[in-house]
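Peer 1: Going by the working numbering, the first residue of the sequence shown is number 1, and it counts up by one from there.
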Amino acid sequence: MSTAGGNGETRRRWLQSSLAGASLWTLGPVVEANTTDAGRVVVPLAVGDHVNRAFVVPLLDLIADGAGIQWQIEWLPFARTLLQAERGQSLGFGMTRTPARERVYAFSDVLFFNHAWSIVRRERRLSIQQLSDLDGLSVCLGRGVSLSAAFEEARGKRFQVETSSADLAGRVRMLMAGRCDVVLASHRSPDPWLIEQRLRKDVGLGTALEVLPKPLMADPVYFAVGLNTPLAALLPRINKGLAARRHAIRALVDSER
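1) What is the residue span of the alpha helix (DSSP H) that Ala149 lies within?
2) Can you give me the start and stop residues for the alpha helix (DSSP H) that Pro99 sits inside?
3) Measuring straight from C-alpha to C-alpha, what distance separates Arg257 and Pro230?
4) Val43 CB to nearest chain B CB: under 9 Å?
5) What span of residues does the beta strand (DSSP E) with Asn294 cover, start to end?
6) In the DSSP output, which residue or residues are listed as bridge partners for Gln299?
7) Using the three-state DSSP reduction, which class does Asn34 fall into: helix, strand or coil?
8) Say whether the segment 112 to 123 touches the segment 205 to 223, bearing in mind that this needs 3 or more beta-carbon pairs closer than 8 Å, one atom from each stretch.
9) Whose C-alpha, out of Val41, Arg158, Leu111, Leu131, is nearest the C-alpha of Ala288?
10) Can you pull the DSSP bridge partners for His247?
11) Hey, out of Val172, Gln89, Leu45, Ala100, whose CA is closest to Lys201's CA?
12) Between Glu74, Leu168, Leu134, which has its C-alpha nearest Leu199's C-alpha?
13) Around the C-beta of Met176, are 16 or more other C-beta atoms found within 10 angstroms, so that it is buried, or is it exposed?
Here you go:
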């Protein structure tokens with residue numbers, strides 16, 4: 001996943017051949033794109049630094065192998081991932097679709113589904129099974145994280161959201177300090193035991209905390225990049241890579257990584 005070298009002439013040839021017909025307009029600096037000695041296109045990719053790398057890195061390897069590309073990865077806070085993708089400086093990994101984002105970004109095919117799990121203090125005895133169960137509550141959520149369109153419509157109206165750049169362990173500490181009523185944590189698994197396992201590893205899931213048995217929602221996850229930016233022309237190639245490695249991706253999603 002390292003960056004491959006290339007000179008200016010290589011970059012010009014790549015832009016002419018791989019991005020033919022695409023607009024070269026971007027909101028930020030020109031994307032530095034080149035090819036490896038093996039002819040693989042090097043694709044800049046922004047990934048949130050909060051992700052589970054034991055899962056994400058093998059996933060990206062599978063997609064790169066299927067698409068014949070090589071990632072140039074930058075690990076960033078999720079808010080910066082969104083910004084770089086919007087500017088067309090890199091693809092953004094792990095994004096969900098909302099009406100607001102669809103006006104700004106082009107999206108790949110679905111990578112996998114992310115489930116939003118509710119973590120609460122056991123003493124509260126909260127039952128959160130659907131969005132309406134958040135009414136009147138305060139939710140701890142990672143900064144820049146967006147869930148379903150219905151969630152975004154309701155936030156700030158039916159419930160309050162406390163955003164934080166902290167990792168899951170930090171948001172759980174906010175919960176224990178009474179700064180919110182529930183932490184929403186994303187995980188690809190449709191079963192709660194994997195998020196419980198992650199909590200035990202990261203923060204020590206004791207008797208004071210509870211992962212509620214039903215996810216609040218399940219949203220598809222995508223690659224995304226600003227509309228009409230050069231990298232948007234690579235999405236069909238990436239979609240072919242997804243299709244070519246679909247079974248291996250499914251097995252990885254179902255694994256314990």
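Positions of the beta carbon are idealized from the N, C-alpha and C atoms, including for glycine.
Peer 2: Looking at the coordinates:
1) Per DSSP, Ala149 belongs to the alpha helix (DSSP H) from 149 to 154.
2) Taken as a continuous stretch (DSSP letters only), the alpha helix (DSSP H) holding Pro99 covers 99 to 102.
3) Our two residues, Arg257 and Pro230, have alpha carbons roughly 33 Å apart in a direct line.
4) The chain labelled as chain B is not found in the depicted structure, where only one protein chain is given.
5) The requested residue 294 is not part of the displayed model; the chain covers only 1 to 257.
6) Because the chain in this structure spans residues 1 to 257, residue 299 falls outside the shown range and cannot be described.
7) Residue state, collapsed to three classes: strand.
8) The segment 112 to 123 is in contact with the segment 205 to 223.
9) Shown here, the chain extends from 1 to 257; a query on residue 288 therefore has no answer.
10) DSSP lists no partner for His247.
11) Measuring from the Cα of Lys201, the nearest candidate turns out to be Val172.
12) The shortest C-alpha separation from Leu199 is found at Leu168.
13) Exposed, by the Cβ-count rule.
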